[in-house]
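**Q** First, the structure itself, so that you have it in front of you.
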DNA sequence: CAATTGACTTGAT
DNA sequence: TATCAAGCCAATT
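Numbering (the working numbering), first residue to last: 5 to 134.
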């Protein structure tokens, strides 16, 4: 029945979940990998919907293109993000910035597509695509 | 359907 | 290098 693809929101979660520990991704990069080169804001919006006590999505592995934490309105959440990243080995520069050239996750297009396909399959409730 | 919002990004000054 | 403004997309109301 689920002819409609899962919401952009779901795609974001699916991809973010595949971000390995110790690596980070930028909002714009996530959007780009999902096929929306200008959907950076939507990615942040999607992650903002999480901010739960214990979300199953490593939202903390997503930062802005500058490699800095961009969370607003909740300094506590921002602090938690940094703490989680540092706990995974991510190093912050003297300017509270992450070296994107070192910690940026760079999956291949095939990997990303496989992630989306798999996520879609789950969204269908285990139905085959046919 | 139209208007508003937001954890972004890029270009110009 | 730092600051300001405009563009973009999806969800919410």
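For each residue, glycine too, the CB sits at the ideal point set by N, CA and C.
It should be emphasised that the depicted structure is a prediction, and the values quoted were computed from it without experimental measurement.
Rounding to the nearest angstrom, what Cα-Cα distance links residue 121 and residue 13 in this structure?
**A** In a straight line, the C-alpha of residue 121 is about 15 Å away from that of residue 13.
**Q** Sorted by chain position, which residues of the same chain lie with C-beta nearer than 8 Å to residue 26's C-beta, five sequence neighbours on each side aside?
**A** 92, 93, 94, 107
**Q** With DSSP run on the structure shown, which of helix, strand or coil describes residue 120?
**A** helix
**Q** Do residue 18 and residue 123 have their beta-carbon atoms positioned less than 8 Å apart in this structure?
**A** Contact flag set, yes.
**Q** To the nearest angstrom, report how far apart residue 59 and residue 37 are at their CA atoms.
**A** 22 Å
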